[in-house]
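Structure first, commentary second.
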Amino acid sequence: STASSMGKAGKAKASTSQPQEARKPAEDDDDAILSAAIAENRVFKEKAASEAAASAAAASAITAALDKLPVFAIADAGRPLQYTVGRRKLAVFYADVAAAKAQQKATERQVPGCDLIAVGLGGAYRLSYDGKAAIVPGVAELRAAGAPEGAQPMGQDLPLFACTKLGRYVDGGLVMPLFMSHADCAAAVEAAANADAPESDGPAQISALSLQSVVDQLGDPSSPAFSFVAPSSSVEHNERYVGKGVYMRRVEPEPEPEDVPPPLAAE
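At position 18 of the sequence shown (counting the first as 1) the number is 877 in the numbering used here, and the numbers step up by one without a gap.
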C-alpha cells in the first residue's frame, strides 16, 4: 500500500506540475508580443519625430528663400493692421508697393500715424497659409498672368514670372531667376536677347507660376533651384527710406500711384 500511495503521490505531483509547464510558454509569448509592440511603437514615434523635424526644416528653408522678396503692410505701433476681407479680419500684405502706398494714405484717415512696413514674402505666406493674412498681387501682374480686365486682386493667387532662357547652370545645377514683377522679367529677357546671338527657336516666352506652385517646387529636390528677384520699384522704395528697425521713414515725397485697387477699411 505504501508503494501504491507513493505511486499515487507521484502521479499527483506529475499532474499538478504539467499545467505550470504548459502555462510558461504562453506567458513568454505574451511578453514577447508586448515587447515587440513597445519596440514598434518606439520606432514609430522616432520616425514621426524625425519626419516632423525634416518637415519643419524644409518649411523654414522655404520661408527663408521667399523672404528675399518684400511685401508691404500698413502697421500701427509696429503691428500690421487688420482689415475686413469678406467675413474675416486679416493682415493684408501688398506685392505692389504703389498699391500699399495708396492703402496707407487711405488708412491714415482712420489711423493717423500708421506706417508702411516691408516684410518678407515667406513670413506673409505662412500667415496666409494659416488663414491669418491675405497677399494681394499687383494689378499689372494679374493681367500679365492672364486675368481678365477689371479683375480684383484681393483673393487672387500671387503670380511670379520666369523665362527658361534666363536660366543658368551654377555648380552643375540649373538656377532659374523668378521675378515678382512682370515688367522686370520682360526687361531681363530683352536684355538677354540683346546680349546673346539670335536664336532660331523664336522669341522667349515668359511663364507665370502661382506662389503655391513655387512653394511646392521648393520642396521638391528634383525641381530646379530659384533665384528670387525683388521688384525694382520695391527696391527703389526701400532705398529711399532710412532706419534699420521695423519702421522705415520716407526721405522725400513720392508721386501719386496709379492703377491700384480701391482701399480697404481698417479695423
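Backbone N, C-alpha and C define an ideal beta-carbon position, used for all residues, glycine too.
Sub-8 Å separation of residue i and residue j beta-carbons
i: G972; j: L925; result: no
i: S1092; j: A977; result: no
i: V1048; j: C1022; result: yes
i: A934; j: L928; result: no
i: P1036; j: V1088; result: yes
i: A1052; j: G997; result: no
i: A993; j: V1073; result: no
i: G1026; j: I921; result: no
Buried versus exposed, by CB contacts within 10 Å (16 or more), residue i
i: A1054; result: exposed
i: Q1071; result: exposed
i: F903; result: exposed
i: I892; result: exposed
i: D974; result: buried
i: K906; result: exposed
i: V930; result: buried
i: I1065; result: buried
Closest residue to residue i among the options (Cα-Cα distance)
i: D1030; options: S919, S1069, Q1011 and P1083; result: P1083
i: S919; options: G981, P1007 and L986; result: G981
i: H1041; options: S1069, L1033 and R1027; result: S1069
i: L1019; options: D889, P1090, A896 and L893; result: P1090
i: G1032; options: R985, F1085 and F1038; result: F1085
i: S1039; options: M1013, Y1028, P1007 and A999; result: Before going further, note that residue 1039 is Met rather than Ser in the sequence given. The option with the nearest alpha carbon to M1039 is A999.
i: A1067; options: A1010, A965 and C1044; result: C1044
i: Q1076; options: A965, A983, E1095 and V1034; result: V1034
heavy atom of the ligand SAH below 7 Å from residue i C-beta
i: C1044; result: For the ligand SAH, the structure offers nothing, since it holds no ligand at all.
Interface flag, residue i vs chain D, CB-CB below 8 Å
i: P1007; result: Structure shown: chain D not included; a single protein chain is present.
Worksheet item: Is the region 999 to 1007 in contact with the region 937 to 950, if contact means three or more CB pairs nearer than 8 Å?
Response: Because the criterion of three Cβ pairs below 8 Å is not met, the region 999 to 1007 and the region 937 to 950 do not touch.
Discussion item. To test your reading of the DSSP string, which unbroken beta strand (DSSP E) runs of 3 or more residues are found completely within the region 1040 to 1106?
Written reply: Counting only runs of 3+ residues, the beta strand (DSSP E) found wholly inside the region 1040 to 1106 occupies 1066 to 1069 and 1084 to 1088, in chain order.
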